[in-house]
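Residue numbers (the numbering used here): 67 to 264. Just so it is clear, CB atoms sit at the ideal spot from N, CA and C, and this is done for glycine as well. This structure is a prediction, so every number in the text was calculated from the model and none was measured. Report on the following structure.
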Amino acid sequence: MKKILFIVFIILFYNNIYAQVPVPVKSIKQLEIDCDNNDFLACFYAGQLFQDTGLNLSAVTAYKKACDNKIYESCVNLGKLFKNDYNESVQKEAVKLFNTACDNNISAGCFELASLYFKGDIVRKSQSKARKLYEKACSMQNAAACYNAGAIYENGIKVKRNLKKALSYFNSSCNLKLDKACYKYNEILRSINSNLED
67 MKKILFIVFI ILFYNNIYAQ VPVPVKSIKQ LEIDCDNNDF LACFYAGQLF QDTGLNLSAV
127 TAYKKACDNK IYESCVNLGK LFKNDYNESV QKEAVKLFNT ACDNNISAGC FELASLYFKG
187 DIVRKSQSKA RKLYEKACSM QNAAACYNAG AIYENGIKVK RNLKKALSYF NSSCNLKLDK
247 ACYKYNEILR SINSNLED
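The structure is reproduced here in structure tokens:
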């Protein structure tokens, strides 16, 4: 009984972190059976549970099956596993997975891809590409992407400094409940108002 309650807790907990669709309350065994029977959403959930218990090879198999069958959130999770691999060809596969997810309007895919371009990890550094991808993810209600787009405009990173745009992105991020964005928004407003008073 404790094991079943633990599995239910894990499924519900990770629904809030990963999934953008409701998580069925099923055992890992049942998810595996459903996945084997081509329930690709079950493959995605099984991948999450495998990953959370350290069974990354099983997670890769489940995520790949889901990703190959248009469960694009699964492509993001698979990409996250691959981007930290020591093998360069596996890392390059992560870029393709994030791109696939982003092209299919999964904000986390755009965010992950933007982060790679911003830092120059795995791909050639391009902060202008990163900005565009953060903006795209922001348009899909990704709070962290809105914040990063705001920071790029605030600091003029490979784009003309634009506090009006920065404020807009920080405000969007704040409205999506990212506290540090609210702080940043108010900080810039105070600075602008202070300059107007001088």
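- Cβ-Cβ distances below 8 Å link Val-142 to Leu-163, Phe-164, Ala-167, Ile-172, Ala-174, Gly-175 and Glu-178 in the same chain, with the five nearest sequence neighbours on each side left out; the list follows chain order.
- Val-225 is positioned such that its CB atom lies no closer than 8 Å to that of Ser-260.
- In terms of Cβ geometry, Glu-220 and Ile-254 form a close pair [threshold 8 Å].
- Within the stretch 93-134, the complete alpha helix (DSSP H) segments at least 4 residues long are 94-102, 106-118 and 122-134, listed from N- to C-terminus.
- Going by DSSP, Tyr-213 is part of the alpha helix (DSSP H) stretching over 209-221.
- Note on geometry: alpha-carbon atoms of Lys-95 and Ser-124 lie some 13 Å from one another.
- Contact annotation: Ile-137 and Ala-160 have beta-carbon atoms that are not nearer than 8 Å.
- Nearest C-alpha to Ala-209 among Lys-231, Lys-230, Leu-182 and Asn-241: Asn-241.
- Note on Gly-222: under 16 other CB atoms within 10 angstroms of its CB, so exposed under the neighbour-count rule.
- The beta-carbon distance between Phe-116 and Ala-132, rounded to whole angstroms, is 12 Å. This is too long to meet the 8 Å contact definition.
- DSSP places Ser-194 in the helix class (H, G or I) of the three-state scheme.
- If you draw a 10 Å sphere on the C-beta of Asp-105, you find 16 or more other C-beta atoms in it, and that means buried.
- Look at Tyr-152 here: in three-state DSSP terms it is coil, with no helix or strand label.
- Taking 8 Å as the cut-off, the beta carbon of Tyr-213 is found closer than this to the beta carbon of Phe-236.
- In the structure shown, the three-state DSSP call for Gly-145 is helix.
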